[in-house]
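Scroll down for the structure; my scribbles are underneath it.
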Amino acid sequence: MLLALFARLADTPLLAYDSRNNGDFFTDVIAINRYSGMQTGFSDSELMYHNDRTAHAVRADYISLLGLRCPQDDLIYTGFVDGRNLLTHLSDGEQKTLRQPYFITPFDVFSRDTNSHQIVSGKHPILENHHSFRYYDTTTTVASDSPEEAKDALIAIKNALAKAERVRHRLLNGDLLVFANQDGLHNREKVEINNPERARTRWLLKTYAFRNREAAARHEPKWVDGVSGRVADD
Numbered sequence: 000m001l002l003a004l005f006a007r008l009a010d011t012p013l014l015a016y017d018s019r020n021n022g023d024f025f026t027d028v029i030a031i032n033r034y035s036g037m038q039t040g041f042s043d044s045e046l047m048y049h050n051d052r053t054a055h056a057v058r059a060d061y062i063s064l065l066g067l068r069c070p071q072d073d074l075i076y077t078g079f080v081d082g083r084n085l086l087t088h089l090s091d092g093e094q095k096t097l098r099q100p101y102f103i104t105p106f107d108v109f110s111r112d113t114n115s116h117q118i119v120s121g122k123h124p125i126l127e128n129h130h131s132f133r134y135y136d137t138t139t140t141v142a143s144d145s146p147e148e149a150k151d152a153l154i155a156i157k158n159a160l161a162k163a164e165r166v167r168h169r170l171l172n173g174d175l176l177v178f179a180n181q182d183g184l185h186n187r188e189k190v191e192i193n194n195p196e197r198a199r200t201r202w203l204l205k206t207y208a209f210r211n212r213e214a215a216a217r218h219e220p221k222w223v224d225g226v227s228g229r230v231a232d233d
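Position one of the sequence shown corresponds to residue 0 (numbering that gives the first Met the number 0), numbered consecutively onward.
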């Protein structure tokens, strides 16, 4: 399989969640009727800028998407904002506040449906490392006991996202798109939909991956049944 081969050649170990998709490392990204209009990859809607699994303690460093069925006459794009570009629109003081655990993110509806324990994340920073972001636009918010400056910093990241340079790619059949999940934010944008029913048949195959073997090894205590990369996410 192409995605498995790519991960092996790039030496980026795959990641899967035990309670999602039966713990499979390969996910079919399709529109499911019950999630229509919701903020989940399994909807037919646009998705706000985010990094996947924002609320989860273990998150992928990279996402790979393979276009299996991409309707030619419906224009659906994946947008990406590099975390370094976001930093240029944030002051030193705002960055300092964003590095504090003042924020929370609710789990997406699919996570809640597959794991009843997953309601909302613990408190977390939005900015980590040099330019890693843990943020879902319109969903990540300020924890109730956070100081006033946390609200100002949340507004600042929203403004930075509106100003930052971004790129877009339209996946076609057979395309392989790989991008950073934490060192940037991505979205799904419907630019022109000529046939909504046809657009709903869009089908991508997705994998999550760690940056390298060392990054994967840090989460070894969470491996389920000794399967490397399959994490317990209760």
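Positions of the beta carbon are idealized from the N, C-alpha and C atoms, including for glycine.
The structure displayed is predicted, hence computed values, not measured ones.
- Query: Run through DSSP, which three-state label would residue 183 get?
  - Reply: strand
Count the other C-beta atoms from every protein chain shown that fall within 10 angstroms of the C-beta of residue 110, then say buried if there are 16 or more, exposed otherwise.
buried
How is residue 12 classed by DSSP in three states: helix, strand or coil? coil
Would you give the residue range spanned by the alpha helix (DSSP H) that residue 149 belongs to?
147-162
Quiz prompt | As assigned by DSSP and simplified to three states, the class of residue 105 | solution = strand
Next item on the list: Compare the beta carbon distance of residue 187 and residue 103 with 8 Å and say whether it is the shorter of the two.
Entry: no
| task | Can you have a look at residue 195 and say buried or exposed, based on whether 16 or more other CB atoms are within 10 angstroms of its CB? | result | exposed
**Report entry** When 38, 206, 166, 227 are compared against residue 82, the one with the closest alpha-carbon
**Finding:** 166
Own chain partners of residue 140 with C-beta closer than 8 Å, once the 5 adjacent residues on each side are dropped:
102, 103, 104, 153
Cβ pair residue 203, residue 28 closer than 8 Å: yes
Discussion item. Is the separation between the beta-carbon of residue 97 and that of residue 70 shorter than 8 Å?
Written reply: no
Check whether the region 131-140 touches the region 41-50, taking contact to mean three or more Cβ pairs, one atom from each stretch, closer than 8 Å.
yes
Alpha-carbon to alpha-carbon, residue 88 and residue 162: 7 Å
Practice task
Indicate whether residue 157 and residue 136 have their beta-carbon atoms separated by less than 8 Å.
Solution key: yes
**Study point:** Contact set for residue 235: own chain, Cβ-Cβ below 6 Å, skip 5 residues either direction
**Key:** This structure gives no information on residue 235, because the portion of the chain shown stretches from 0 to 233.
Checklist entry - Looking at C-beta atoms only, is the number of pairs between the region 11-18 and the region 57-64 that lie closer than 8 Å three or more? => result yes
How many angstroms separate the CA atom of residue 45 from the CA atom of residue 64? 16 Å
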